[in-house]
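A.B. asks: One structure coming up, written as structure tokens, with questions to follow.
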Amino acid sequence: GNSVTQMEGPVTLSEEAFLTINCTYTATGYPSLFWYVQYPGEGLQLLLKATKADDKGSNKGFEATYRKETTSFHLEKGSVQVSDSAVYFCALRGTGNQFYFGTGTSLTVIP
Amino acid sequence: DTGVSQDPRHKITKRGQNVTFRCDPISEHNRLYWYRQTLGQGPEFLTYFQNEAQLEKSRLLSDRFSAERPKGSFSTLEIQRTEQGDSAMYLCASSLGSDSNEQYFGPGTRLTVT
Chain A
101 GNSVTQMEGP VTLSEEAFLT INCTYTATGY PSLFWYVQYP GEGLQLLLKA TKADDKGSNK
161 GFEATYRKET TSFHLEKGSV QVSDSAVYFC ALRGTGNQFY FGTGTSLTVI P
Chain B
30 DTGVSQDPRH KITKRGQNVT FRCDPISEHN RLYWYRQTLG QGPEFLTYFQ NEAQLEKSRL
90 LSDRFSAERP KGSFSTLEIQ RTEQGDSAMY LCASSLGSDS NEQYFGPGTR LTVT
């Protein structure tokens, strides 16, 4: 079956620190992979995506590479800002139209 | 483009009552999804519409749950005989069929069953 496992939080970092949030997946076939972000008081927003192996998604300084050999899609950012404080969800879309989300990782960036 | 809207934003009901939620997707989006999210968890897929057709339903969607999208625009999710375990955030998302990967989420309806 399809599932997503992501790093548990909460994560607290100082501004300008390097961020990694781990995400691994189990899927049949060749899923598309996503990172969604939920800022305080707002709905989920697509942050980035990758639709095939070795694709790199990037947006707002965040990056994630679709690694088929390790079934991973880790989220990284070189220098986080206070405004990046949010909950981050890794997700996959399988062969149908069902999306499977991880449990979310809460990030707090302190000045 | 006003985004996906959901109504109500909050609903408190007593166990055994029926509730209905509404979702208005982005106007040109032909795909509409319902999810349930409980505290500390990610969204769980419930059901999906393409236009007015309900194409997929999760095993999570018991027979107390029903969803409709009668004219391929707004959708309703009804829960009959609510139980305390139904307490959750109910999220709606929509997407354009030509790029069904990108879903736009609404703010959610928070249901509390007492």
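These protein sequence lines map, in sequence, to chains A and B.
Take 101 as the starting number for the first sequence in our numbering and just add one per residue.
Take 30 as the starting number for the second sequence in our numbering and just add one per residue.
Glycine residues also receive a C-beta, built at the ideal position from the N, C-alpha and C atoms.
Since the model is a prediction, treat every value here as computed from it, not as a measurement.
Between which two residues does the beta strand (DSSP E) harbouring residue 118 of chain B extend?
C.D. replies: As a first step, residue 118 of chain B is located in the second sequence; it is residue number 89 there, counting from the start. Looking at the DSSP string, the run of the beta strand (DSSP E) that includes residue 118 of chain B is 117–124.
A.B. asks: Could you check what DSSP says for residue 106 of chain A in three-state terms: helix, strand or coil?
C.D. replies: Here residue 106 of chain A refers to the residue found at position 6 when the first sequence is read from its first residue. Looking at residue 106 of chain A - three-state DSSP - the assignment turns out to be strand.
A.B. asks: Between the region 146–173 of chain A and chain B, which residues of the former have a C-beta closer than 8 Å to a C-beta of the latter?
C.D. replies: Against chain B - using a Cβ distance shorter than 8 Å - the residues of the region 146–173 of chain A are 146, 149, 151.
A.B. asks: List the endpoints of the continuous beta strand (DSSP E) containing residue 41 of chain B.
C.D. replies: Working through the second sequence from its first residue, we reach residue 41 of chain B at position 12. Looking at the DSSP string, the run of the beta strand (DSSP E) that includes residue 41 of chain B is 39–42.
A.B. asks: Can you tell me whether DSSP reads residue 35 of chain B as helix, strand or coil?
C.D. replies: Translated into the one-based positions of the second sequence, residue 35 of chain B becomes position 6. Three-state result, residue 35 of chain B: strand.
A.B. asks: Any contact of the region 164–176 of chain A with the region 42–55 of chain B, i.e. 3+ C-beta pairs under 8 Å?
C.D. replies: The region 164–176 of chain A, when compared against the region 42–55 of chain B, does not touch it at the 8 Å Cβ threshold.
A.B. asks: Please report the distance separating the alpha-carbon of residue 161 of chain A from that of residue 145 of chain A.
C.D. replies: What you label residue 161 of chain A is simply residue 61 of the first sequence in a count that begins at 1. What you label residue 145 of chain A is simply residue 45 of the first sequence in a count that begins at 1. Cα to Cα, the separation comes out at about 15 Å.
A.B. asks: Taking the alpha carbon of residue 165 of chain A as the reference point, which residue from A:209, A:133, A:119, A:103 has its own alpha carbon closest?
C.D. replies: The count along the first sequence starts at 1 and reaches residue 165 of chain A at position 65. Of A:209, A:133, A:119, A:103, the residue nearest in Cα terms is A:133.
A.B. asks: Identify whether residue 161 of chain A lies in helix, strand or coil by the three-state DSSP scheme.
C.D. replies: One-based indexing of the first sequence puts residue 161 of chain A at position 61. Correct three-state label for residue 161 of chain A: coil.
A.B. asks: Considering only the beta carbon of each residue, do residue 194 of chain A and residue 127 of chain A sit closer than 8 Å?
C.D. replies: Stepping through the first sequence from its first residue, residue 194 of chain A is reached at position 94. Stepping through the first sequence from its first residue, residue 127 of chain A is reached at position 27. Yes, the Cβ-Cβ distance between residue 194 of chain A and residue 127 of chain A is below 8 Å.
A.B. asks: Going by C-alpha distance, which of A:211, A:143, A:197, A:107 is nearest residue 176 of chain A?
C.D. replies: Translated into positions along the first sequence, residue 176 of chain A becomes position 76. Of the candidates A:211, A:143, A:197, A:107, the one whose C-alpha sits nearest the C-alpha of residue 176 of chain A is A:107.
A.B. asks: May I ask you to list, following chain order, the residues of the region 173–199 of chain A that have a beta carbon less than 7 Å from some beta carbon of chain B?
C.D. replies: Only 189, 193, 196, 197, 198, 199 from the region 173–199 of chain A bring a Cβ to less than 7 Å from some Cβ of chain B.
A.B. asks: Taking the beta strand (DSSP E) that residue 193 of chain A belongs to, which residues open and close that run?
C.D. replies: Counting from one through the first sequence, the residue named residue 193 of chain A turns up at place 93. Counting along the chain, the beta strand (DSSP E) containing residue 193 of chain A begins and ends at 186–193.
A.B. asks: What is the residue span of the beta strand (DSSP E) that residue 108 of chain B lies within?
C.D. replies: Position 79 of the second sequence, counted from the first residue, corresponds to residue 108 of chain B. Counted as a single uninterrupted DSSP element, the beta strand (DSSP E) harbouring residue 108 of chain B occupies residues 104–108.
A.B. asks: How would you list, in chain order, the residues of chain A whose beta-carbon sits under 8 Å from the beta-carbon of residue 135 of chain B?
C.D. replies: Indexing the second sequence from 1 puts residue 135 of chain B at position 106. Per Cβ cutoff of 8 Å: 143.
A.B. asks: Which residues of the region 117–133 of chain A have a Cβ closer than 9 Å to any Cβ of chain B? Give them in chain order.
C.D. replies: 132
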